[in-house]
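Here is the structure we will look at, set down as C-alpha cells.
Numbering (my numbering), first residue to last: 246 to 370.
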C-alpha cells in the first residue's frame, strides 16, 4: 500500500466508524430523548509493533490521533448519552483494523491495542 493511500483509507474507515457508531446509537437511544451525557475519559495505550491511527467516539462524534507508535498512550474525552456505546478503533498504517465498543457507566475507561500489523486487536482493561 502506498503512503498516499493511507489517508484515503483512514478517511474511509473514520466515515465507517461514524456510521457504525451512529447505527449503534440509533438502536439504543437518540440524542433528542437520551438522558444527560456524562463525560468519559478514554485512555488507549498502543502496544502493537506498528504505527496506527486510533479513533474514539460515541454516538455524536469521534476523534482520531494519527501516527501513534508502540508505547504511546492517547487520551480522549467523549460524552456518550446514558446507555450508549463508546467505540475504540485502531487502523494500522499498511495493515488491518480492529474495534471494540462498550457500554459503561464509568467516568474512565482504559483500552490497549496489540496484535500484529495484519491482525490488530483492541481490548478493554
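Quick reminder that beta carbons are idealized off the backbone N, C-alpha and C, glycines included.
Which residues mark the beginning and the end of the beta strand (DSSP E) in which residue i is found?
i           : result
residue 306 : Looking at the DSSP string, residue 306 is not in any beta strand (DSSP E), and its letter there is neither H nor E.
residue 360 : 353-360
residue 343 : 342-347
residue 286 : 285-291
residue 369 : 365-369
residue 334 : 331-337
residue 296 : Per DSSP, residue 296 belongs to no beta strand (DSSP E) and is neither H nor E.
residue 327 : Run containing residue 327: none; DSSP gives neither H nor E here.
residue 319 : 318-323
Use the C-beta contact count for residue i: other C-beta atoms within 10 angstroms, 16 or more gives buried, fewer gives exposed.
i           : result
residue 270 : The predicted model places residue 270 with a pLDDT of 45, which falls under 50 and marks its position as unreliable; any figure quoted below should be read in that light. Residue 270 comes out buried.
residue 329 : buried
residue 348 : exposed
residue 291 : buried
residue 352 : exposed
Spatial neighbours of residue i within its chain, please: CB distance less than 6 angstroms, with the 5 preceding and 5 following residues excluded, ordered by chain position.
i           : result
residue 299 : 289, 310, 313, 319, 335
residue 324 : 282, 284
residue 346 : 330, 332
Are the CB atoms of residue j and residue i within a distance shorter than 7 angstroms?
i           : j           : result
residue 359 : residue 316 : no
residue 287 : residue 321 : yes
residue 337 : residue 295 : yes
residue 341 : residue 368 : no
residue 331 : residue 350 : no
Go through its chain and collect everything with a Cβ distance to residue i's Cβ below 7 angstroms, but skip five positions before and after it.
i           : result
residue 370 : 355, 356, 357
residue 344 : 332, 333, 334, 367
Please tell me whether residue i has its Cβ less than 7 angstroms away from any Cβ of chain C.
i           : result
residue 286 : Absent from the structure is chain C; it holds one protein chain and no more.
With a CB to CB cut of under 8 angstroms and the five nearest residues on each side skipped, what residues in its chain are close to residue i?
i           : result
residue 362 : 293, 294, 295, 337, 339, 340, 341
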